[in-house]
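Quick notes on the structure that follows.
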Amino acid sequence: MVRLTADLIWKSPHFFNPVKERELDLRGNKIAVIENLGATEDQFDTIDLSDNEIVKLENVPYLNRLGTLIINNNRITRINPSIGEFLPKLHTLVLTNNRIVNLVEIDPLASIPKLQYLSLLDNNITKKPNYRLYVINKLKSLRVLDFKKVKNKERLEAKSLFASEEVMEEIKRTPAKPISPAETPNVSEAAEEQQTPKVVAPTPEQITAIKAAIVNSQTLEEVARLEKALKSGQLPADIKGLNDNIVLDNVDEKPEDMIHNDGGQADGESNGTQEQTNTDSTSMEQD
Numbered sequence: 001m002v003r004l005t006a007d008l009i010w011k012s013p014h015f016f017n018p019v020k021e022r023e024l025d026l027r028g029n030k031i032a033v034i035e036n037l038g039a040t041e042d043q044f045d046t047i048d049l050s051d052n053e054i055v056k057l058e059n060v061p062y063l064n065r066l067g068t069l070i071i072n073n074n075r076i077t078r079i080n081p082s083i084g085e086f087l088p089k090l091h092t093l094v095l096t097n098n099r100i101v102n103l104v105e106i107d108p109l110a111s112i113p114k115l116q117y118l119s120l121l122d123n124n125i126t127k128k129p130n131y132r133l134y135v136i137n138k139l140k141s142l143r144v145l146d147f148k149k150v151k152n153k154e155r156l157e158a159k160s161l162f163a164s165e166e167v168m169e170e171i172k173r174t175p176a177k178p179i180s181p182a183e184t185p186n187v188s189e190a191a192e193e194q195q196t197p198k199v200v201a202p203t204p205e206q207i208t209a210i211k212a213a214i215v216n217s218q219t220l221e222e223v224a225r226l227e228k229a230l231k232s233g234q235l236p237a238d239i240k241g242l243n244d245n246i247v248l249d250n251v252d253e254k255p256e257d258m259i260h261n262d263g264g265q266a267d268g269e270s271n272g273t274q275e276q277t278n279t280d281s282t283s284m285e286q287d
């Protein structure tokens with residue numbers, strides 16, 4: 001584990017982020033405890049403490065400038081009850097993928113007067129019944145929760161649901177809903193099923209088409225592939241439409257005018273033959 005010292009703060013990257021705010025990057029340092037943030041001299045709009053090992057959101061000095069605190073992918077289970085006194089202008093707090101379990105543990109966030117954007121995704125607290133309504137009711141200034149806009153309809157529903165203290169206490173005591181095995185798909189099996197091509201038995205027409213394709217094949221590899229399909233008695237999906245293709249390939253593509261000319265020639269030949277037959281018959285009668 002690494003201590004969050006003044007030296008580490010001074011040596012860490014700091015820059016203007018895409019929204020033109022001055023940001024301090026303290027990601028991925030295995031920091032376990034928040035401390036010495038006073039060394040920042042309140043010079044930053046955003047502080048990123050993601051990907052560390054912080055257990056409690058506490059020991060934050062008075063930072064009047066700080067507007068965004070990103071602290072996802074840590075181990076946070078507790079929040080300082082008076083944290084709002086030290087972060088009067090904090091409007092965005094990202095606590096994604098931490099270890100907050102009970103609804104009551106987010107109550108200290110109500111002390112942050114200007115908190116508008118909050119993410120608690122991937123915390124066990126999100127599995128609690130009426131989790132979203134509880135947070136909306138508790139944090140009056142919230143505009144976006146878990147990257148979803150807080151609607152006026154939700155505010156009214158939350159206010160109605162938590163109108164009595166008895167309901168509030170009952171919901172706090174309700175355990176988180178566990179995820180049943182049936183709700184958790186087996187990713188490897190699903191992926192394997194999608195990747196395995198389906199094999200179907202060929203119809204008599206498709207068998208005939210395969211034989212015709214073997215005769216018309218241009219390469220030995222194509223002949224071998226088609227003979228294998230024919231011997232196995234199973235038609236892979238990639239040549240399922242082979243019958244239709246071969247039928248189309250064997251259609252006599254004569255132009256329409258050629259067909260008419262051929263027909264006319266045939267009629268002429270037929271007439272000539274008939275006239276010759278009549279002549280022969282007349283000669284025989286004269287004899």
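Heads up: the sequence shown begins at 1 in my numbering, then just goes up one per residue.
For glycine and all other residues, C-beta sits at the position ideal for the given N, C-alpha and C.
Could you tell me the distance, in whole angstroms, from the CA atom of residue i to the CA atom of residue j?
i	j	result
serine 82	proline 18	31 Å
proline 61	leucine 4	14 Å
valine 33	leucine 115	23 Å
leucine 121	isoleucine 214	58 Å
glutamate 21	leucine 156	35 Å
phenylalanine 16	alanine 158	38 Å
lysine 89	threonine 68	9 Å
lysine 228	asparagine 124	54 Å
valine 2	phenylalanine 147	31 Å
isoleucine 106	phenylalanine 86	17 Å
lysine 151	proline 113	20 Å
tyrosine 117	aspartate 7	31 Å
leucine 95	asparagine 36	21 Å
leucine 133	isoleucine 100	17 Å
glutamate 23	histidine 14	5 Å
asparagine 59	glycine 38	10 Å
lysine 149	lysine 30	33 Å
isoleucine 75	valine 55	Reading off the sequence, residue 75 comes out as arginine, not isoleucine. Cα-Cα distance, rounded: 5 Å.
glutamate 41	arginine 27	19 Å
lysine 211	leucine 226	8 Å
aspartate 294	leucine 66	For residue 294 there is no data in the structure shown, the boundaries of the chain being 1 and 287.
asparagine 97	asparagine 72	6 Å
valine 135	glutamine 43	31 Å
glutamate 221	isoleucine 207	18 Å
proline 108	aspartate 51	23 Å
leucine 139	serine 111	9 Å
phenylalanine 162	serine 141	17 Å
leucine 57	isoleucine 70	11 Å
asparagine 102	glycine 84	20 Å
arginine 78	glutamate 154	26 Å
isoleucine 9	asparagine 80	22 Å
leucine 93	proline 129	23 Å
Count the other C-beta atoms from every protein chain shown that fall within 10 angstroms of the C-beta of residue i, then say buried if there are 16 or more, exposed otherwise.
i	result
tyrosine 131	buried
aspartate 48	buried
lysine 11	exposed
alanine 209	buried
valine 160	The sequence given here places serine at residue 160; valine does not occur at that position. Serine 160 is exposed by the Cβ-count criterion.
valine 345	No statement about residue 345 is possible, as the shown extent of the chain runs from 1 to 287 and does not include it.
asparagine 64	exposed
threonine 219	exposed
lysine 127	exposed
asparagine 288	Outside the modelled stretch of the chain, which goes from 1 to 287, sits residue 288, for which no answer is possible.
serine 119	buried
Identify whether residue i lies in helix, strand or coil by the three-state DSSP scheme.
i	result
threonine 219	coil
leucine 316	There is no way to answer for residue 316, as the model of the chain reaches only from 1 to 287.
isoleucine 71	coil
glutamate 41	coil
valine 199	Unreliable positioning characterises valine 199 in this predicted model, as indicated by a pLDDT of 47, which lies under 50. The coordinate reading is nonetheless provided below. Strand.
aspartate 51	coil
alanine 229	helix
alanine 224	helix
leucine 161	helix
leucine 8	helix
Looking only at DSSP bridge pairs, what is residue i linked to?
i	result
glutamate 23	Phe15 and Thr46
arginine 78	Lys56
isoleucine 31	Val2
Consider the Cβ of residue i: report whether some Cβ of chain C lies at a distance smaller than 8 Å.
i	result
lysine 56	The structure shown has no chain C; it contains just one protein chain.
Residue ranges of each beta strand (DSSP E) within the segment 85-154, 3 or longer: Correct list: 92-94 and 117-119.
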